[in-house]
Amino acid sequence: MRIYAAAYLLPISSPPIAGGALAVENGRIVAVGTLNELRAQFSAPVVDLKGSVIMPGLVNAHTHLELTHFPAWKVRKDLDYLPKRYVEWVQQVVKIKRALEPGEIEHSTKEGMRLCLESGTTAVGDILSDFSLVPLYRDTPLTGRLFLEAIGHDPILCDTLVAGLETALQGLEGALLPGVSPHTPHTVSGHLFACLNALSEKLGIPKAVHLSETTEEVAFMHDTTGAFADILYPMAHWEQYLPHPMRTTSTRYLDDLGVLDASTLAVHAVHVTPNDVALLKERGVSVVLCPRSNDRLFVGCAPHKLLKQSGVALALGTDSLASNDSLSMWDEMRYLQQAAPGVFEPRELLTMATLGGARALHIEDRVGTLEPGKRADFQVLACGSGSDASSIEATLLARAEVEQVYIAGTRHSQ
3 MRIYAAAYLL
13 PISSPPIAGG
23 ALAVENGRIV
33 AVGTLNELRA
43 QFSAPVVDLK
53 GSVIMPGLVN
63 AHTHLELTHF
73 PAWKVRKDLD
83 YLPKRYVEWV
93 QQVVKIKRAL
103 EPGEIEHSTK
113 EGMRLCLESG
123 TTAVGDILSD
133 FSLVPLYRDT
143 PLTGRLFLEA
153 IGHDPILCDT
163 LVAGLETALQ
173 GLEGALLPGV
183 SPHTPHTVSG
193 HLFACLNALS
203 EKLGIPKAVH
213 LSETTEEVAF
223 MHDTTGAFAD
233 ILYPMAHWEQ
243 YLPHPMRTTS
253 TRYLDDLGVL
263 DASTLAVHAV
273 HVTPNDVALL
283 KERGVSVVLC
293 PRSNDRLFVG
303 CAPHKLLKQS
313 GVALALGTDS
323 LASNDSLSMW
333 DEMRYLQQAA
343 PGVFEPRELL
353 TMATLGGARA
363 LHIEDRVGTL
373 EPGKRADFQV
383 LACGSGSDAS
393 SIEATLLARA
403 EVEQVYIAGT
413 RHSQ
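Be aware that the sequence shown starts at 3, since it is given in our numbering, and climbs by one per residue.
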């Protein structure tokens, strides 16, 4: 056993503790309190992290680590430009991924894992399209969920795709738990959605779906017009699967399919209506905000105030380096604080990036807070002097720097 002590401890599940400490044994937290309280309770060596702040590792609830090297790939393929339209960005991603050499996505994924840990993230909701890379996650220090992504409209290929996905999930080993990701309402057929939902129920795993990210999606779901119908479907040779005008929203469409429930992560939710938000709340869906990605791809800004006031469970994600500048959740929180001034208190942002993400990924029994019984995943932060317990969250958002990261009670070497 060891006791880790700091100037402040942020359990997230309870108020900050001045002179706080946590006791760790066999990779688990066994007690949280002041250093004096834990010394009186346990005779264990103390690691004194003087002047620092201890808080849980961050939870990146939505990312695509396989695309970490995307910026370098763009340069190498002479495609180093930032598309002004979402569909053009999709075309760019497809072109680059098709031209990759064997092993490149593997190296990219490993680098993504490293960058997460370096910036204080210890749990992820990672989307993986290449099922052959599942063994890569066996030895990563990260925990969280690995969502295997499914895309398609061909009914003949549906059963084969779902069977392959289930086999890959059953081969997942290590600290990451399985999940499934029907890509979007417009890239996954209703039949495939139903099959993936059935698999989610069978295995008791969550499902992540990109929801209402763009105005193009809004137009497509309403009357089958716009860039998705004119460009995206022909590019994928899906012309025969173009639907008749549905006069609906993505949220209502998924609800009509019966796939919206508490196991669903709705990622982005930029162009949701008030009725959509009420429905997401009613069904117990978690919404994962990716504000920097939305800005980078010029798709708009999620209705942050509406989502908060509705009581929808909120989490944060960085998305990938194909649409972001870093995998740092600290960068994401700070950007959202600026993009939605006055909407979220510092404490709420920190909660969204820890417990909120853990709840969305259904791993809150393992991580997300510093409480007895949870895995001892925590970060040690430097934020200078002059703070007190009433303002420590604001101080962290203003100037915290990650000094150390601990995984299951062991310091991660960066």
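We treat Cβ as the ideally placed atom computed from N, Cα and C, and that holds for glycine.
For residue i, collect the residues of the same chain with a Cβ closer than 8 Å to its Cβ; drop the 5 residues on either side in sequence, then sort them by chain order.
{"i": "K283", "result": "S312, G313 and V314"}
{"i": "T226", "result": "L244, P245, H246, P247 and M248"}
{"i": "L119", "result": "P143, L144, V407, I409, H414 and Q416"}
{"i": "H185", "result": "E151, A152, I153, V211 and H212"}
{"i": "L135", "result": "E68, I107, E108 and T111"}
{"i": "R336", "result": "L399"}
Can you find the residues in the same chain that come closer than 7 Å, C-beta to C-beta, to residue i, ignoring five residues on each side of it along the sequence?
{"i": "V301", "result": "Y88, E215, T216 and V272"}
{"i": "D82", "result": "K76"}
{"i": "L40", "result": "I5, A23, A25 and A33"}
{"i": "G29", "result": "R377, A378, A410 and G411"}
{"i": "T275", "result": "T251"}
{"i": "P348", "result": "E395, A396 and L399"}
{"i": "E218", "result": "Y88, V89, G228, A229 and F230"}
Do you know how far the Cα of residue j is from the Cα of residue i?
{"i": "T123", "j": "Q242", "result": "43 Å"}
{"i": "H212", "j": "L51", "result": "40 Å"}
{"i": "I207", "j": "H193", "result": "19 Å"}
{"i": "I14", "j": "L372", "result": "7 Å"}
{"i": "F230", "j": "E90", "result": "11 Å"}
{"i": "M223", "j": "H188", "result": "8 Å"}
{"i": "L309", "j": "A342", "result": "12 Å"}
{"i": "P293", "j": "A46", "result": "43 Å"}
{"i": "T320", "j": "S328", "result": "8 Å"}
{"i": "E27", "j": "L117", "result": "27 Å"}
{"i": "P18", "j": "P137", "result": "39 Å"}
{"i": "E483", "j": "G127", "result": "In the structure as shown, the chain begins at 3 and stops at 416. Residue 483 is therefore absent and cannot be evaluated."}
{"i": "S288", "j": "H270", "result": "11 Å"}
{"i": "G358", "j": "K307", "result": "17 Å"}
{"i": "I365", "j": "G375", "result": "13 Å"}
Using alpha carbons as the reference points, say which of the options lies closest to residue i.
{"i": "R140", "options": "L174, I153, T169 and C160", "result": "L174"}
{"i": "G59", "options": "G146, A268 and H270", "result": "G146"}
{"i": "W332", "options": "L12, G22 and V61", "result": "V61"}
{"i": "A360", "options": "A231, L179 and T189", "result": "L179"}
{"i": "L159", "options": "T142, L281, L144 and C197", "result": "C197"}
{"i": "I153", "options": "L291, A221, L135 and L130", "result": "L130"}
{"i": "A280", "options": "V269, T253, I107 and R349", "result": "T253"}
{"i": "S121", "options": "V382, D257 and S16", "result": "V382"}
{"i": "T353", "options": "D327, A396 and L323", "result": "A396"}
{"i": "S54", "options": "C385, S392, V407 and Y337", "result": "C385"}
{"i": "L259", "options": "L84, G370, L11 and S191", "result": "S191"}
{"i": "M57", "options": "K204, T356 and A238", "result": "T356"}
{"i": "F149", "options": "L338, P137, E168 and S183", "result": "S183"}
{"i": "L201", "options": "S295, V164 and L316", "result": "V164"}
{"i": "A238", "options": "K97, D80 and E405", "result": "K97"}
Just to confirm my understanding: we take residue i, look at its own chain, exclude 5 residues before and 5 after, and list those with CB closer than 6 Å. What are they?
{"i": "G114", "result": "L67 and T70"}
{"i": "V48", "result": "I5 and A7"}
{"i": "V261", "result": "F195 and N199"}
{"i": "K177", "result": "The identity of residue 177 in the sequence shown is Ala, whereas the question assumes Lys. Once the five neighbours on either side are set aside, the close Cβ partners of A177 are T145."}
Any idea what DSSP makes of residue i, helix, strand or coil?
{"i": "N199", "result": "helix"}
{"i": "F230", "result": "helix"}
{"i": "M57", "result": "strand"}
{"i": "L352", "result": "helix"}
{"i": "D2", "result": "With the chain covering 3 to 416 only, the question about residue 2 has no answer from this structure."}
{"i": "K209", "result": "strand"}
{"i": "T1", "result": "In the structure as shown, the chain begins at 3 and stops at 416. Residue 1 is therefore absent and cannot be evaluated."}
{"i": "R377", "result": "strand"}
{"i": "A360", "result": "helix"}
{"i": "V220", "result": "helix"}
{"i": "L2", "result": "With the chain represented from 3 up to 416, any question about residue 2 goes unanswered, as that position is not in the structure."}
{"i": "E403", "result": "strand"}
{"i": "G192", "result": "helix"}
{"i": "L299", "result": "coil"}
So does residue i have its beta carbon nearer than 6 Å to some heavy atom of the ligand SAM?
{"i": "G286", "result": "In the structure shown, the ligand SAM is absent, as is every other ligand, since no ligand is present at all."}
Which residue spans inside the stretch 105-177 form an unbroken beta strand (DSSP E) run of at least 3? 123-130 and 145-152
Unbroken stretches of the beta strand (DSSP E), 3 residues or longer, contained in the stretch 24-95: 30-36, 48-58 and 60-65
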